[in-house]
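Residue numbers (the working numbering), protein chains in the order written: chain H, 10 to 123; chain C, 656 to 770.
Glycine is no exception: its CB is placed at the ideal position from the N, C-alpha and C atoms.
Remember, predicted model here, so these are calculated numbers, not experimental data.
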Amino acid sequence: GESVGLHLPTLSVQEGDNSIINCAYSNSASDYFIWYKQESGKGPQFIIDIRSNMDKRQGQRVTVLLNKTVKHLSLQIAATQPGDSAVYFCAENAGGTSYGKLTFGQGTILTVHP
Amino acid sequence: GAVVSQHPSWVICKSGTSVKIECRSLDFQATTMFWYRQFPKQSLMLMATSNEGSKATYEQGVEKDKFLINHASLTLSTLTVTSAHPEDSSFYICSAYRAVGQPQHFGDGTRLSIL
């Protein structure tokens, strides 16, 4: 379900390292998940998505893992670059009558140091 | 890729003013658009679902008379913040998707500041 936090989790990494950002979701009926990147002052930008019939999906430098048993989603970024610094949100869609509506996680601030 | 345009990007106005924000899908038709509100260092909170040709569906706790939504065409939804007050100051973001089951694509948001 929804979660709103006043203090976003943070992750600091060195340029070139791999980053892993985690997200716990609460609705076991959710069947579609998306990771977004939000830079300061901008709207969220689509990174990668995954459906509940999969447990892994890879994109360019990014991998999303889905563990439905424990309702956990992760985003792995390979060879992290300073341009990857942003807030990362996971979002879930519950399907059914709420199809299309997304519920966002609280977000994680990723800072990449050169 | 899909492009969603939002205008204006930044508004400063006096308390009591009504402010209209436009959201356009530039390269696809969007029967459904969404409006979100985001406070600093917080997540996106869905305000309402905008449906072309019909009334918007508001989330619990969102005043529909305060936040008027009009979705008059397949490429345009507008959000009007009526009689805005300082507590309405926030970052408002819209989104749209090409088809059900596809990701939402977001506009770049509107920073609203009410003095």
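- Distance check between His740 (chain C) and each of C:Gly762, C:Thr687, C:Leu770 places C:Leu770 closest, using alpha-carbon atoms only.
- Bridge partners of Gln684 (chain C) according to DSSP: none are assigned.
- Beta-bridge partners assigned by DSSP to Leu75 (chain H): H:Leu82.
- Between Asn31 (chain H) and Ser94 (chain H), the C-beta gap is not smaller than 8 Å, which leaves the two residues out of contact.
- When only Cα atoms are considered, Ala103 (chain H) and Ala754 (chain C) end up about 16 Å apart.
- Under DSSP, the beta-bridge partners assigned to Lys675 (chain C) are C:Thr735.
- Here DSSP, grouped into helix, strand and coil, assigns Asp93 (chain H) to helix.
- Identification of residues in the segment 745-762 of chain C having a C-beta nearer than 9 Å to some C-beta of chain H yields Phe746, Ile748, Cys749, Ser750, Tyr752, Val755, Gly756, Gln757, Pro758, Gln759, His760, Phe761, Gly762, given in sequence order.
- At a cut-off of 8 Å between beta carbons, Lys696 (chain C) contacts chain H.
- At least 8 Å separates the CB of Gly671 (chain C) from every CB of chain H.
- Contact check for Gln85 (chain H) against Ile29 (chain H) passes: the beta carbons are separated by less than 8 Å.
- The contact set of Ile43 (chain H) on chain C, defined by CB atoms closer than 9 Å, consists of Pro758, Gln759 in chain order.
- The straight-line gap separating the alpha-carbon atoms of Ala88 (chain H) and Lys675 (chain C) is approximately 42 Å.
- For the segment 33-60 of chain H, the full-length beta strand (DSSP E) segments reaching 3 residues or more read 41-47, 54-60 along the chain.
- Gly716 (chain C) is outside the set of residues whose beta carbon lies under 8 Å from a beta carbon in chain H.
- Within 10 angstroms of the beta-carbon of Arg60 (chain H) lie fewer than 16 other beta-carbons, which makes it exposed.
- Between Asp682 (chain C) and the set C:Val659, C:Gln759, C:Asp720, the nearest pair of CA atoms involves C:Val659.
- Taking C-beta atoms under 8 Å as the contact rule, Cys99 (chain H) and Phe42 (chain H) qualify, at a distance of about 6 Å.
- Exposure of Val79 (chain H) is indicated by the presence of fewer than 16 other C-beta atoms within 10 angstroms of its C-beta.
- DSSP lists H:Ile86 as the bridge partner or partners of Ser28 (chain H).
- Contacts with chain H at 8 Å (Cβ-Cβ) do not include Gly708 (chain C).
- Looking at the backbone, the Cα of Ser37 (chain H) and that of Met63 (chain H) are separated by about 15 Å.
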